[in-house]
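Participant: In this note's numbering, the protein residues as written are 396 to 1180.
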């Protein structure tokens, strides 16, 4: 049986953290046969067979067993034409006479075996099931001939295949109780099968990769039927096939659990689309009909009460009763209540019409786990955004929804150090108004110096000069030494603890602010170090977890105040409760963060080289990153990779597939990359040569312009014309990106980047993260050249 760890690693190669979480929550607990019914059109079998087999193989490797049902319409039409038989249709249904049925049976058998053979070539077990699943009667023998109307589904045939570890590959041929074969439309058969199986996903594969808007010609990403169906049917462009497909989906989903959905996509996007909310194809779901009320009197108070008692932490803890909150709400000048039909989400927005300068306030945003899983809060948020151009809202430290959800929707934020809550806002552009808004959020105290940061595009405001104390665990390594040097020159940070098992008892050299001696701190000793505001964990992979767990337990038990933790290992780079610490791409989330996972050195350089070109990547070909690092990147523990004698006149390749940085970069960018690392004889620095397949033709000038615009405001990224050299970047705190080259056909670009693995690849980046988390200007203490 494939392990969950392997499944997660596979998923990280195709998607983001959210996609992986969706798999783990949504699919890993569902019965195998209830995952998905996938209907494959005949044209897909002809034109995209290998792509389809590859996508189905991926699903199987992550432990899923989709039920595949295919048609063979185009193939049948060709053979009928060869036989001199003209296809006949009545009301869109193929009239099937004995000769047509004979040819159809042969075609279905041949196409069924063709798909099974393709899957077997990819190493996936598959079982051909051309018949025996659907029981049918004649639809109308006199009118349509041998066409069936399905009356029953034999699930045992499918379940037997899945129990044996083989993907079931079905045709839409049915049989009468006495054994007569009947032809059934594959779409109809897939719908009947879904009604019996009740899968989470029903997938229709087509060449167009979804449904398209008849006016804008843009692909429709998501259709929420409860909210949009009636309006869509009124659109003049919704006719013929599009209208029929919408009606079919509505009829099908109305009879299935609300968690089920229909996806229309191409085979090439199958493996990825199943793990996204909306992506390559068109996702059709029932969703929830949303309602807005302009006063409390218009909404059932019991509906508000039920969700508040279930999801509101303040009510659940007994701090406030629902009745008292509603009484308080009645005193507000204007109240808007947003909710859905089953009462799984609730938003309450208050405003003061008499003072339009005051932003509206989102008082409550509550959602059940089911609603979050089905993205109902996203739909609710769209309604709120339409009604309110300016909005502020506060999220407690233990908010019900992932705080990253709020960061993605805000222009700026402020963390309240008193209670750990965060205030978010959007639509406030004037910096003075931002300050006034933030002043109302955090009450002033005589001894308190507040820090507040806002984000209008890339601008930042930080005013804190409060002294903070930092403890460093794992101070023996090269990165720890560089971080000590940076903190020594930082105007507001003091180093109070340096912990190293090997150096315990020795004096710390090179730190001038105070005399320090190396200690060997144990996890249970951290709570006693009350003066520490932030701990930096500069430990090898797999070592820091006991320290993290102890800090969190101490905070929970009241033995310690909240601490900022910055982990320099790979242990938490895939953990959704930690913030990924690459400020150039994730600044908003890092302000006030308390759990930060510092990116890898290679991963930082690779993302810097690829991020600007993400919109232009060829989805059918993965970028390749050829990396060469100095031997300091192999750490201080002796090994061939950091032995100068072994490296002399040498270049050592290692971990050529599946390197943790390959997974990390693929995960963060949301697209797979290939990474090939090497160690070189020099001590410090990294060179990355990145091959980028492009989906559209670009010139050298186009590529360079994309990078210049993307990084124009970044102080620690320098875009250069020629190829950057490792020796020129050693000891520097910035990344150099350049060497832009484009193949003559314009569909392949090459980028070269250099980065100091110990500075911007580790220590400098850690200091950026500490600054943002503790309320300082991001670049405080970092030499800017």
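Every residue, glycine too, gets a C-beta built ideally from N, C-alpha and C.
1) Name the two residues that bound the continuous beta strand (DSSP E) containing residue 1128.
2) Per DSSP, what are the beta-bridge partners of residue 485 in this structure?
3) How long is the line joining the alpha carbons of residue 805 and residue 886, rounded to whole angstroms?
4) For residue 899, is the classification buried or exposed, using 16 other Cβ atoms within 10 angstroms of its Cβ as the cut-off for buried?
5) Rounded to whole angstroms, how far is the Cβ of residue 907 from the Cβ of residue 883, which I believe are closer than 8 Å?
6) Excluding the five sequence neighbours on either side, which residues of its own chain have a C-beta within less than 6 Å of the C-beta of residue 1051, listed in chain order?
7) From the DSSP output, read off the bridge partner residues of residue 717.
8) To the nearest angstrom, how far is it from the Cα of residue 1080 to the Cα of residue 653?
9) Under 8 Å by Cβ, that's how I've got residue 582 and residue 434 pegged, so tell me the actual separation to the nearest angstrom.
10) Output needed for residue 483: all residues of its chain with C-beta closer than 7 Å, excluding positions within five of it in sequence on either side, in chain order.
11) Rounding to the nearest angstrom, what Cα-Cα distance links residue 1176 and residue 593 in this structure?
12) Looking at the secondary structure, which residues open and close the beta strand (DSSP E) in which residue 1062 lies?
13) Would you report the Cα separation of residue 803 and residue 809, rounded to the nearest angstrom?
14) Between the C-alpha atoms of residue 1075 and residue 1120, what's the straight-line distance to the nearest angstrom?
15) Can you say whether residue 683 is buried or exposed, counting buried as having 16 or more other CB atoms within 10 angstroms of its CB?
16) CB residue 867 to CB residue 888, shorter than 8 Å?
17) Spatial neighbours of residue 1181 within its chain, please: CB distance less than 6 Å, with the 5 preceding and 5 following residues excluded, ordered by chain position.
18) Please name the residue in 449, 565, 897 whose C-alpha comes closest to that of residue 503.
19) Along the chain, where does the beta strand (DSSP E) containing residue 1148 start, and where does it finish?
20) Where are the alpha helix (DSSP H) runs, 4 residues long or more, that stay fully inside the segment 483-567, in chain order?
21) Whose C-alpha, out of 633, 624, 626, is nearest the C-alpha of residue 612?
22) Which complete beta strand (DSSP E) runs does the segment 674-750 hold, if anything under 3 residues is left out?
23) How close, in whole Å, do the beta carbons of residue 789 and residue 818 come, if the pair is a contact with beta carbons under 8 Å?
24) Which parts of the segment 983-1014 are runs of the beta strand (DSSP E), unbroken and 3 residues or longer, counting only runs that do not cross its ends?
25) At the level of alpha carbons, what is the spacing between residue 595 and residue 430?
26) Using CA atoms only, rank isn't needed, just tell me which of 1023, 573, 982, 981 is closest to residue 997.
27) Report buried or exposed for residue 659, applying the criterion of at least 16 other Cβ atoms within 10 angstroms of its Cβ.
28) Hey, could you find the ends of the beta strand (DSSP E) residue 434 is sitting in?
29) Give the list of continuous alpha helix (DSSP H) stretches no shorter than 4 residues that lie fully inside the segment 1065-1111.
30) Nearest-angstrom Cα distance between residue 956 and residue 940?
31) Ignore the nearest five residues each way along the sequence and tell me which others in residue 619's own chain have a CB closer than 8 Å to its CB.
32) Mapping DSSP to helix, strand and coil, what is residue 570?
33) With 16 as the cutoff for other CB atoms within 10 Å, does residue 1163 come out buried or exposed?
34) If contacts are defined as beta-carbon pairs under 8 Å, then residue 1147 and residue 1083 qualify, I think. What distance do you get, rounded to the angstrom?
35) Out of 1136, 712, 499, which has the shortest C-alpha to C-alpha gap to residue 480?
36) Starting from residue 873, trace the alpha helix (DSSP H) in both directions and tell me its first and last residue.
Facilitator: Well, looking at it:
1) Here residue 1128 belongs to no beta strand (DSSP E), and DSSP marks it neither H nor E.
2) Its beta-bridge partners are 488.
3) About 31 Å.
4) Of the other Cβ atoms in all chains shown, fewer than 16 fall within 10 Å of the Cβ of residue 899; this residue is therefore exposed.
5) At roughly 6 Å, the Cβ-Cβ gap stays under 8 Å, so residue 907 and residue 883 are in contact.
6) Counting only Cβ-Cβ distances below 6 Å, and skipping sequence neighbours, we find 1071.
7) According to DSSP, residue 717 bridges with nothing at all.
8) When rounded, the distance between both Cα atoms is 53 Å.
9) Confirmed, about 6 Å.
10) Excluding the 5 residues flanking it on each side, residue 483 has same chain C-beta neighbours closer than 7 Å at 490, in chain order.
11) Within the model, the alpha-carbon separation for residue 1176 versus residue 593 is close to 58 Å.
12) Secondary structure note for residue 1062: it is in no beta strand (DSSP E), and the uninterrupted alpha helix (DSSP H) holding it is 1055-1064.
13) Distance from the CA atom of residue 803 to the CA atom of residue 809, rounded to whole angstroms, is 14 Å.
14) If I take the Cα positions, the gap works out to 14 Å.
15) When all chains shown are included, residue 683 counts as buried.
16) In this structure, the beta-carbon distance from residue 867 to residue 888 does not fall below 8 Å.
17) Nothing can be reported for residue 1181, as the shown portion of the chain is limited to 396 through 1180.
18) It is 565.
19) Boundaries of the beta strand (DSSP E) harbouring residue 1148: 1143-1150, taken from the DSSP string.
20) Entirely contained in the segment 483-567, the alpha helix (DSSP H) runs reaching 4 residues are, in chain order, 493-516, 536-539, 550-558.
21) Selected option, being the one with the closest Cα: 633.
22) Secondary structure within the segment 674-750: the beta strand (DSSP E) runs of 3 or more consecutive residues, fully enclosed, are 677-680, 685-688, 729-735, 740-746 (chain order).
23) So it is a contact: roughly 5 Å between Cβ atoms.
24) Scanning the segment 983-1014 from its first residue to its last, the whole beta strand (DSSP E) runs of 3-plus residues come out as 990-992.
25) Cα to Cα, residue 595 sits roughly 5 Å from residue 430.
26) Here the closest residue by C-alpha is 1023.
27) Counting Cβ neighbours within 10 Å, residue 659 comes out buried, since at least 16 surround it.
28) Per DSSP, residue 434 belongs to the beta strand (DSSP E) from 431-435.
29) Entirely contained in the segment 1065-1111, the alpha helix (DSSP H) runs reaching 4 residues are, in chain order, 1095-1105.
30) If you take the alpha carbons of residue 956 and residue 940, they lie about 19 Å apart.
31) Once the five neighbours on either side are set aside, the close Cβ partners of residue 619 are 680, 681, 682, 683, 774.
32) Residue 570: strand per DSSP, three-state reduction.
33) By the Cβ neighbour-count rule, residue 1163 is buried, with 16 or more other Cβ atoms within 10 Å of its own.
34) Rounded, the Cβ-Cβ distance is 7 Å, consistent with contact.
35) For residue 480, the closest of 1136, 712, 499 by C-alpha to C-alpha distance is 499.
36) Looking at the DSSP string, the run of the alpha helix (DSSP H) that includes residue 873 is 873-883.
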